[in-house]
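One structure is given here, and the rest of the page talks about it.
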Amino acid sequence: MSGNEINRRDFLKVMGWSGAGVALAGCDMPTTVTLEEGKEKVTSYVLPEEYVIPGVGVYYASTCQQCPAGCGIHGRVREGRFLKVEGNPDAPLNHGKVCQMGQAGVQGHYNPDRITKPLIRKGGALVEASWDEAMDLIKQNVGAESTLKGERFAWVTGTVSGHQAVLLQSHLDAMGSTNHFAHEIVNNAVSQAVNREMLGEAQPAYRIDEARLIVSFGADLLGASQSPVHFTTQYAKFREAPRGVLVQVESKMTLTGANADLWLAVRPGTEGVLALGLANALLVKHKRDAADLPADVRDVIAKYDHDTVQRITGVAGDRIVKVAAWLNSQSPSLVLAGGSAEGQAHGYDTAAAVMLLNIILGNIGRTIVSSGDLPFAQMEAKSGNTAGLLALADTLDKGGLDAVFVYNTNPVYTAPSHLNLAEKLSAVPFKVVFAQFPDETAMRADVVLPIHSPYEDWGTHVAGYYGNQISIQQPLMEPLNPTTRGFGDLLLGMLKMRGVAGYADFEDYYGYIRQAVAALPAEMKADAGSEDKYWQQVLQRGLIPVQRKPRSLTAKAIAVSLPDYAQDSEYPYHLVPSPRLGMWDGRYANIPWLQEAPDQISKVVWDSWAEMHPLTAQKLGVMEGDVIKITSDQGAIEAAVYIYKGIHPDAIAVPLGQGHEKEFSRYAKDRGVNPLKILSPVREAKTGELALYGTRVKLAKAGRNEALVKLGGTDQQMGRKLVATVTADVFRRTEGGQDVA
Amino acid sequence: MQTKDINEQIKWAQINKDVLRSMENPRMAYWVAVGTCLAMLMCAVVAEIYQYQVGMGPANLNWPQMWGLYIATFIFWIGMSHSGTLLSAILHIVHADWRKPIYRFAEAMTTFSLMTAGLFPMIHLGRLWNMYWVLPYVSDRGIWPNFRSPLVWDAFAIFTYLTSSAMFLFIGMIPDLAICRDNAKGWRKKLYTALSLGWSGTDRQWRHFRKTYLLMACFLIPLAVSVHSIVSSDFAMSIMPGWHVTSFPPYFVAGALYSGCAAIITLFILLRYFFRFEEYMTIPILEKTCKLTFVIAMAWSYLNLIEFAATWYGHDTAAKEVLWDKFTGPYSPYFWAMLFFGSVLPFTLAFEKLRRHLPTMFVVSLLLNVGMWLERWMIVSPTLSLSYHPIAWNVLWPSMVQWAIVFGSFGWFGLLFLVFVKVFPSVSMYEVKEMVYHRRRAHVEDQAKYFHRRLSDRQPATDTPSP
Amino acid sequence: MSKHRIMGLFSDFDQAFAAVADIRAYKIPGVSVDDVTIKSPIEHPEIEEVLGERPAHVPKFTLMGALFGMTFGFLFLASAQATFLVQPQGGKPVVPLPSNIVLTYEMTILFGVLFTIISFVIGSRIVRKRDTLYSEMVSLDQVGVLLEVDEGKAQALKDLFKAHEVVEIREEVVR
Amino acid sequence: MNAGRGIVWSWALFLPLAVFLLLMMSSAQVYAEVPNAVPPKGDHKGEDVPQPIEFPHDIHAKINEINCMYCHTYARRSKVAGIPPTSKCMGCHSVIATDKPRIQKLTEYWEKREPPPWNKVHDVPDYVHFTHEKHLKRFVFDNEELPVERVSEVCAFCHGEVKNMTVAHKVKPLTMGFCVRCHEANKGPSDCWKCHK
Amino acid sequence: MSLKNILENWSNYRRDREAGGHHEYEHMWGMAIDLNKCIGCNACAVACYAENNLAIVGKEKMTKKQGMHWMRIERYWGEPDLDKLSQSSSQYQEHGANFLPMMCQQCNAATCEPVCPVAATFHTPDGLNAQVYNRCIGSRYCSNNCPYRLRYFNFYSYYESSWPAPLHLQLNPDLSVRDKGVMEKCTFCIQRIRVAKDKARMEDRVEKEAAVIKVGDSTFRAAAGRGKLEDMEFQTACQQTCPTGAIVFGDMLNPESQVRKLWDGHQVSLGKTKQTKQNPEKRGYRVFEALNTDPCVMYMERVREV
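Protein chains in written order, with our numbering: chain B, 1206 to 1946; chain R, 113 to 579; chain H, 2 to 176; chain S, 9 to 205; chain A, 1368 to 1673.
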């Protein structure tokens, strides 16, 4: 095995080759032909590898680590350089497709701002140190001989799964701690809680491809969601003839909203009311059978008649009638809550109201089906949420932590300023951050350990959504910087440091994973023949399919109580801090491709902006590019406005992503604002999540104009036939399928 | 009031003296002018070096404003070059002898503005150092330029025109160079001896000279028309709205003659003032030039209107958008300024009082050329800022790099012209002599018709000569 | 017998022409008007009245040049295009006539002009050492009448010049 | 005209002619053997490129008659011909000629697990995407009359008679004209995008 | 360069596109983009950056519109076709956005080609609109004459600024990195086409016979010895990554190819300035077809339920 290892490491080495160098056409001023002799070097392999031919790209299967979705990828490698991410066609999760963040992973890997050496805080500043120094420090503080008490230690991570989660848990156990704060801004924790109560399973599978109608209340399936590529591939099927109808209800147009047949602007926070109104229409107007519904539920629904809903939500009556009619006629349908619907103080009730619709329409078991249980429960994804962040802040408040290990999350950036996380974290005596980049959290650590990029490291992952496989992450190339180390290796080292039994035999994380794969039940590798063959097969496919144990979903209707819409005279507007496919929660602001890739909706690049409805703009007297000051009770941010009709007049949307500290990246430096910073301390009442969309703000003109940097000169087609649109009935006539209604 | 084009009684020696004097003893003002032009040129040189090193970005060119002022100014200078041909070739063929005192500097202007114009297609290239690839040379690689491209036509046309007009200028100057040779000393003697090619004024030389000059004039007229037509096809041959206009070739030619004439008026007044050429560059000649300019201005205005009308009448909506944008869009101030300078201001030329007032004419002629420069800019930029695909619509103003190069091109032209007037006779001496000779002779013959008749009745003594 | 080259300089053009007219009328036997060379500061068509038609072959050269430019231009372009078959452009044929016509036109003019200039240089016997019998007055305002005559007729010629108010007579003996 | 001068003149004319003819004949002799191919024309006087180890091509290719593709094994499978991996060298030289200083130097590299830093001799501009495999296919593998053993004659089209050199020496210009003329003669593709992209 | 050549082949050399052209084709690469499926997510655009060594220009240069987005997703709010249908004009963007992925349309009668003074852009035997970077002198005429505005110019030398070490290690060695003063545009991933064609040749998958192939109204003379490629044997970077599969790419000369079937199915034909469809409700159309550029990219109309 180890002989193999050396071999493999060797051929992955970066090499210069004829024609493989950087080819510059015209960098040859002023002569045009550079026929040089002896100016370039050619390097040969020391040892040849059979299937590696210089000049020919080789593809290795691996798993994308850009977001928690865990798509299967193929990495293109040439001459030891990892060049491009491509989808793994064998991966049932993403069918060979990747989103832009997946594509951009390469630039994270080769990022010029990566941390390459361990950093240790000395005299207030982080200075480069050797690994030995860093590990000694860690050993001192959290090693077996340290005085650290169990509960005073914590792990802060993003979503973790697979053997990473297993080892992490082992480490926590070894430390005697239960403090694992998993934090993600883009999450569906509220929905999961609702699902757990109403369906009996936190994360059922949505059969978008099966649905004929999707009504999404703020769930940005195609954009910032649990598994954007998976949902999008399903969406493609959904749109094939006979074409399904997509209705999106939200207050700021998301990418999903931009693709909706009907996009309904709802007054922020009243999505649940609309859901109940639809339920009302279904029961009253369409005489849906409500016998199964408990009386209290029926009472609640009865309150929301047409006029009430229209008044509260601000949605035109005919639209409500239309959606209700569609819901009635199109079956199976799928009604989803997410994002802006959940992120309110009453998010739980909103999500529950939406789920009620599914129950009334009988979608449970048809378009909402059980995901089942992973046979290896310890590898199941531990999904991050904002409650994790709040819990961390609360624990820190109590001064309850002496050592914090942070991995794959950046809470100092994502935490609202009212949490005061940076200061609280500074008070912790020992903070270790396992980081690729000098992000805000890393810059406040006592020890920063540079880890491999996901393309240099081994790993296994189980997707939080559609985790029907153990995804294998294998290195695509030799570590770019010899001084970085794999997170798994470090974790294993940490375990060994605590002297945990059972880990001493593993030389490294690779060995551990290999051992774990070898230990899989025999029936899973029946057709492979030998152990080595199976391992090769696994590496070639990049995943191990897993049969999940299905459950049956319950459909328990619960009564919800939703507040009436309340005006706020001081802070009349609602802040929508919108995550987007690309910048995500801000972690990709250091990737130039994603900075330069325009936002799907506003087409703005390299900056923050504030989205605003023309009516609001008229009221404020601002034009596109005018800077406005957005003030909440927690502070103020300034951004130039983008005006369009895809937002409710009461809402102001500021995208996540920018506003990083200057150390993070040359590409994110002095760029835009971070709307998360001004969030009010509103929490979702039942789950304790941070109500991301529950902040009220006031707006004021800043009195200056900063032209928005956008792709494109105009938003209109100016009479050209650029994008032509036909109605769905024409589509069905020519390409098959029955008409809606 | 002076009515005669020229004083017929002027002594020929005086002509020689006056013109040769103008070539000598540069005064302080001359050196100041040279210095100014050099300074202007240096602006362009610095800007161009910067652009060469860094790329076309600092010029504030963008997607899709790829051309900007460079090509606009290129057309402007090409247009300017049409004056010499017009005055010298067309008027020569129609025997309008009032051209004789003023055609020389007009031809020089032609050559120099072509030399200026030719720089711009090079300057605007992203990879200037590969410019020679446009030339059809037999290459080792077996590749050729694309002869379908109007830019290659430009290269051909400009090369032909520059060669022809420079030769036309030179050939027409040979007798004058002989005069210079006969009166010069030192390095000038050597220079003029070489340049005058041994001209001695024999009847054989004059005979060939006359035919050559006439034939070249005949060639230059269609050539000049074709040159600006070809330049117009840079635009007319494209499919861009506002460029794809059938009337562009005559429109460009008219505009070219127009700006050329306006420039002649400017230089006429300057030369007359600085070189005391009152005897030669007389007010009546200026008046004739002004009238000619006025006519051309009206033709140009008409072609403008026709272009608007044709666009308006057609159903090319994109072209209409461009037109409407010119009227009302961000470029409208310049567009209306162009129309004012180009179509309204020339009416000053229709008034004799104004025509004869040199300061007024000086200012007017300068403004006419400003208008003509704006015209070229209004051809290039609005279409680029607004085309078929609205995604690329934008307005980007030229940066200092572009302005510096445009500004410097005037310095380069001025420098060439200043050197010319001190090295070469800027008034054609021999042709002024011819003009005087023929006019006086015509006058004398008028008076002596009677004697003529009497003389022609004479019979020779014998029919056959004695051996 | 030596030849004499005699040039009379006249300030009055009419007198000079009258002198030539006298030669034309064989006032001096054996001296023909064909031997006369006139040196003049300006170009005047009247000379032809007294000298008679003398040939100038410029237009023929011009025509040749133009024709050459036309054929050469077109063939050059067409053959260049026909050897460069890699490059179909926008659905246009290999040898596109409209653009070739434009370029052929330019080549026609270019070669027409060049040949005209060549014929001028050749035909006018310019670009050679200047005649020693040259007066700077010719470039100012005097007309010179130059003849090469036998020794015996030199005096008669001078007399004839003097009869026409010659300003100056220059003479040199050839061989 | 005297006789001596005549002789000088005739020699002056004859010598270059003779040299030219000889060159023509010799080059024809070199290449005439490759059937179904018109060899490219053109010569170039290359510089001496110093190499970490003065590799003797002559010993390998001429004396020992090792096929070019034995070492430059990628040539038939990739756009680059490749330098043989050090292990391939050591395959023989762990036993053969181990006492030679060049081999000792090679062994040093091998023991350090470092490839020798070879300098590139035949380099084309980076915007030229030449591919070895298709040329070998056209002239060797698709060329029924040329056995693979004689591949060096095809290699010599562009690399010259490497088997007569120690370290490789550039003897062909490798300019675009050189390529284009051969493409014309052998009816190779003329699309610019075949090589430039 | 001989007179004989011209005289013998005169009629051949005078043939334009409508008459089949002088050219013999190996392929005719085409694309079909379904706007019903396109969600405007931008994955294709970033994949294009990754595949084709596109430079990152930064905010200031994006402000000046000097970006290099070969593949751009245009987004329009106005929807003239639906405004007619929906009775009430809402104060909201009720039907979402109009997304249009726009890349070089690889026109068969490209307007950019004839105007290039040095023939750096031309039509390849693959039916592609080639741009030879090292021949380009940067006159930018092609970009000015492109009605789709999808030619991008290197206004600066981006090598240092766009790929600071070690980002340069990501550069795709299969195609050149463009320096300042060079025009560039979408190539339909020529490097991938190249690899696939080379592979077909190496495996002796060759069409022996010349053929005359009709694609809609256009006739193409296909060369003998052209490579025989399977449909979907390779994909362009944008097609490969497109999560909804909205982009279909393939050889129009191959009657079995998906792209050809889509074109035929939507009754869109090459070589027309106006499509004459038997069923006018079919969704296929080409952008700016009336300009007679004959683009090889067909779009299928966006669909909305109203």
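We treat Cβ as the ideally placed atom computed from N, Cα and C, and that holds for glycine.
Between the beta-carbon of residue i and the beta-carbon of residue j, is there less than 9 Å?
i	j	result
Gly1445/A	Arg1671/A	no
Trp1740/B	Arg1719/B	yes
Leu1904/B	Ile1833/B	yes
Ile1390/B	Gly1791/B	yes
Ala1441/B	Thr1611/A	yes
Arg1516/A	Tyr500/R	yes
Val1540/B	Ser1631/B	no
Phe380/R	Ala462/R	no
Lys1432/A	Asn174/R	yes
Cys1962/B	Val1247/B	Residue 1962/B cannot be examined here, being either before or after the span of chain B that is shown, 1206 to 1946.
Phe1711/B	Phe1639/B	no
Pro213/R	Ser477/R	no
Just reading off the beta strand (DSSP E) that residue i is part of, what are its end residues?
i	result
Asp1934/B	Taken as a continuous stretch (DSSP letters only), Asp1934/B belongs to no beta strand (DSSP E), being part of the alpha helix (DSSP H) at 1933 to 1940.
Gln1674/B	1674 to 1678
Leu1469/B	1467 to 1470
Tyr1778/B	1778 to 1783
Taking the alpha carbon of residue i as the point to measure from, which residue in the options has its own alpha carbon closest?
i	options	result
Gly168/S	Pro123/S, Asp51/S, Cys203/S, Asn72/S	Asp51/S
Pro176/R	Val507/R, Phe536/R, Trp515/R	Val507/R
Since residue i is in the alpha helix (DSSP H), which residue starts that stretch and which ends it?
i	result
Ser359/R	Ser359/R -> no alpha helix (DSSP H), and no H or E assigned at all.
His1376/B	1367 to 1380
Thr1518/B	1511 to 1518
task: Decide if the stretch 1923 to 1937 of chain B is in contact with the stretch 1657 to 1671 of chain A; the criterion is three or more beta carbon pairs, one per stretch, under 8 Å apart.
output: Taking 8 Å as the limit for Cβ pairs, the verdict is that the stretch 1657 to 1671 of chain A does touch the stretch 1923 to 1937 of chain B.
message: Which residues of the stretch 1902 to 1920 of chain B have a Cβ closer than 8 Å to any Cβ of chain R? Give them in chain order.
response: Correct list: Leu1916, Gly1917, Gly1918, Thr1919.
task: Say whether the stretch 1329 to 1348 of chain B touches the stretch 1580 to 1595 of chain B, bearing in mind that this needs 3 or more beta-carbon pairs closer than 8 Å, one atom from each stretch.
output: With the cut-off at 8 Å, the stretch 1329 to 1348 of chain B and the stretch 1580 to 1595 of chain B do not touch.
field: Three-pair Cβ contact test at 8 Å for the stretch 330 to 337 of chain R versus the stretch 304 to 314 of chain R
entry: No: the two stretches stay apart, fewer than three of their Cβ pairs being nearer than 8 Å.
query: For the stretch 1351 to 1364 of chain B against the stretch 1594 to 1614 of chain B, are there 3 or more C-beta pairs whose distance is under 8 Å?
result: When Cβ pairs closer than 8 Å are counted between the two stretches, the stretch 1351 to 1364 of chain B is seen to touch the stretch 1594 to 1614 of chain B, the count reaching three or more.
query: Listed in chain order, which residues of the stretch 1494 to 1509 of chain A have Cβ atoms closer than 8 Å to some Cβ of chain C?
result: Considering every chain present, this structure includes no chain C. Its protein chains are B, R, H, S and A.
query: Just by C-beta distance, which residues in the stretch 1534 to 1545 of chain A are closer than 9 Å to chain B?
result: Residues of the stretch 1534 to 1545 of chain A with a Cβ closer than 9 Å to any Cβ of chain B, in chain order: Leu1534, His1535, Leu1536, Gln1537, Leu1538, Asn1539, Pro1540, Asp1541, Leu1542, Ser1543, Val1544, Arg1545.
The stretch 1247 to 1271 of chain B: positions lying closer than 7 Å to chain S by Cβ: Taken in chain order, the members of the stretch 1247 to 1271 of chain B whose beta-carbon sits within less than 7 Å of a beta-carbon on chain S are Val1247, Thr1248, Ser1249, Tyr1250, Val1251, Leu1252, Pro1253, Ile1258, Pro1259, Gly1260, Val1261.
- request: Quick one: which residues of the stretch 128 to 155 of chain R get their C-beta closer than 8 Å to a C-beta of chain H? List them in chain order.
  value: So the close ones are Asn128.
message: Residues of the stretch 170 to 190 of chain S in Cβ contact with chain R at a cutoff of 7 Å, in chain order, please.
response: Those residues of the stretch 170 to 190 of chain S placed with their C-beta closer than 7 Å to a C-beta in chain R are Thr183, Met184, Gly185, Val188, ordered along the chain.
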